[in-house]
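Chemist: Under the UniProt record's numbering, the first residue of the sequence shown carries the number 1, and numbering increases by one thereafter.
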Amino acid sequence: GQSTCFVQMDGFNILTDPIFSSRTIGEWFGPKRLRPAPCQLADLPKIDIVLVSHNHYDHLDRAIVKELGNSVKWYIPLGLREWFKKFGVTNVVELDWWQEAMHEGKLKIIGTPIQHWSGRHFFDVNSTLWCSFVVKGPNSSFFHCGDTGYCSAFKEIGRRFGPITLAAIPIGSYEPRWFLRHQHVNPSEACQIHLDLKSSHSIGVHWGTFMMSDEHYLDPKLHLEESRKRRGIPAEEVFTLRIGETLGLGAVNGVGAFSAPGSPIGGDVVVV
Numbered sequence: 001g002q003s004t005c006f007v008q009m010d011g012f013n014i015l016t017d018p019i020f021s022s023r024t025i026g027e028w029f030g031p032k033r034l035r036p037a038p039c040q041l042a043d044l045p046k047i048d049i050v051l052v053s054h055n056h057y058d059h060l061d062r063a064i065v066k067e068l069g070n071s072v073k074w075y076i077p078l079g080l081r082e083w084f085k086k087f088g089v090t091n092v093v094e095l096d097w098w099q100e101a102m103h104e105g106k107l108k109i110i111g112t113p114i115q116h117w118s119g120r121h122f123f124d125v126n127s128t129l130w131c132s133f134v135v136k137g138p139n140s141s142f143f144h145c146g147d148t149g150y151c152s153a154f155k156e157i158g159r160r161f162g163p164i165t166l167a168a169i170p171i172g173s174y175e176p177r178w179f180l181r182h183q184h185v186n187p188s189e190a191c192q193i194h195l196d197l198k199s200s201h202s203i204g205v206h207w208g209t210f211m212m213s214d215e216h217y218l219d220p221k222l223h224l225e226e227s228r229k230r231r232g233i234p235a236e237e238v239f240t241l242r243i244g245e246t247l248g249l250g251a252v253n254g255v256g257a258f259s260a261p262g263s264p265i266g267g268d269v270v271v272v
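#1: For the pair the region 12-22 and the region 219-230, tell me if three or more CB-CB distances fall below 8 Å.
#2: Rounded to the nearest angstrom, what separates residue 206 and residue 120 at their Cα positions?
#3: Measuring alpha carbon to alpha carbon, tell me which of 198, 234, 59, 10 ends up nearest residue 146.
#4: Given a cut-off of 8 Å on the beta-carbon distance, is the pair residue 149 and residue 115 in contact?
#5: Just how far apart, CA to CA, sit residue 168 and residue 161?
#6: Quick check on DSSP: helix, strand or coil for residue 46?
#7: With a 10 Å radius around its C-beta and 16 neighbouring C-beta atoms as the bar for buried, classify residue 113 as buried or exposed.
#8: What is the DSSP secondary structure of residue 144, counted as helix, strand or coil?
#9: What does the alpha-carbon distance come out to for the pair residue 65 and residue 236?
#10: When the Cα of residue 102 is compared with those of 124, 75, 202, which residue comes out closest?
#11: Alpha carbons only, please: which of 48, 30, 42 is nearest the one belonging to residue 56?
#12: Identify every run of the alpha helix (DSSP H) within the region 126-184, keeping only runs that are complete inside it and at least 4 residues long; order them along the chain.
#13: Taking the alpha helix (DSSP H) that residue 109 falls in, what are its first and last residues?
#14: Can you grab the Cα-Cα spacing for the pair residue 88 / residue 233, in whole Å?
#15: Does residue 125 pass the burial test, meaning 16 or more other C-beta atoms within 10 Å, or should it be called exposed?
#16: Please report the straight-line C-alpha distance between residue 96 and residue 131, rounded to a whole angstrom.
#17: Quick test of your reading: residue 138 and residue 106, contact by CB under 8 Å. State the CB separation rounded to the nearest angstrom.
#18: Take residue 62 as the anchor and find which of 83, 47, 73 has the nearest alpha-carbon.
#19: Tell me the DSSP secondary structure of residue 83 in three-state form.
#20: Buried or exposed for residue 170, please, with buried defined as at least 16 other CB atoms from any protein chain shown within 10 angstroms of its CB.
#21: Is the distance from the Cβ of residue 108 to the Cβ of residue 93 below 8 Å?
Here it is in structure tokens:
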């Protein structure tokens, strides 16, 4: 749920913006999950890479950082290294916007711009960066958006790195627009991001997990479908998954770059 996805591509297992806790801030504080997490880390294959878009509580679960520790490579925005060090985690790569890193000589991971902000309390607002990620492998590419308002950066990302095989794009927490439009896209803007990125397939994420805004928690899914139809985007290009649902893109378009036959979870993209 939220922006947590498990993605298998080109032989690597990737986790995005992990939160498995029942609340956004530890056990007792923050919005509570509308439904339980469908699995825990122990239920997933071994994680190789974690992508963290920013340090908001609903995108970076301290319990997961402690549990995974240095067993994975963390790709994080500029300035977050010191926070990870507090928990003894040093296996991190900080990325600025447009900065690239190679993972084991096979995946290129690029930090890319988004329009958002950062902070875990009143005294660290915007003290660390926020970013999206493009992951490019030999056979496929993946875009993890994190949180964002709509901005021109997506056209530039599409120009530099498109077409994208699969994108995870936020669609929820957008009302009221006067307050949230600069930091959270709505479903119509998410469809525009899909087009900007030249994405073959885009999953709507960041909805149906926590009540953090004024729209009904199921509205993002419904409005995404309406926006997709208005723009003439095929159903197999822009869609949502149920929390815990798996998808093998080979089942969608016959392209096997993301498929993982024999995986313990039976698929390659899981919205947790």
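For every residue, glycine included, the Cβ atom is placed at its ideal position computed from N, Cα and C.
Modeler: Looking at the coordinates:
#1: Taking one beta carbon from each stretch, the region 12-22 and the region 219-230 have fewer than 3 pairs nearer than 8 Å; the two do not touch.
#2: Computed Cα separation, rounded: 18 Å.
#3: When each option's Cα is compared against that of residue 146, the closest is 59.
#4: Yes, these two residues count as a Cβ contact at 8 Å.
#5: Cα-Cα distance, rounded: 15 Å.
#6: In the structure shown, residue 46 falls within a coil segment according to DSSP collapsed to helix, strand and coil.
#7: Flag for residue 113 reads buried.
#8: If DSSP states are grouped into helix, strand and coil, residue 144 belongs with the strands.
#9: Spanning the two alpha carbons is a distance of roughly 34 Å.
#10: When only C-alpha atoms are compared, the closest one is 75.
#11: Checking every option, the nearest Cα to that of residue 56 belongs to 30.
#12: Correct list: 153-161, 177-180.
#13: Where residue 109 is concerned, there is no enclosing alpha helix (DSSP H), although the beta strand (DSSP E) it sits in stretches over 107-112.
#14: Their backbone Cα atoms lie some 46 Å apart in a straight line.
#15: Within 10 angstroms of the beta-carbon of residue 125 lie fewer than 16 other beta-carbons, which makes it exposed.
#16: In a straight line, the C-alpha of residue 96 is about 8 Å away from that of residue 131.
#17: Between residue 138 and residue 106, the beta carbon gap of about 7 Å places them in contact (Cβ cut-off 8 Å).
#18: Considering only alpha carbons, the answer is 83.
#19: If DSSP states are grouped into helix, strand and coil, residue 83 belongs with the helices.
#20: That one is buried.
#21: Against a cut-off of 8 Å, the Cβ pair of residue 93 and residue 108 comes out as no contact.
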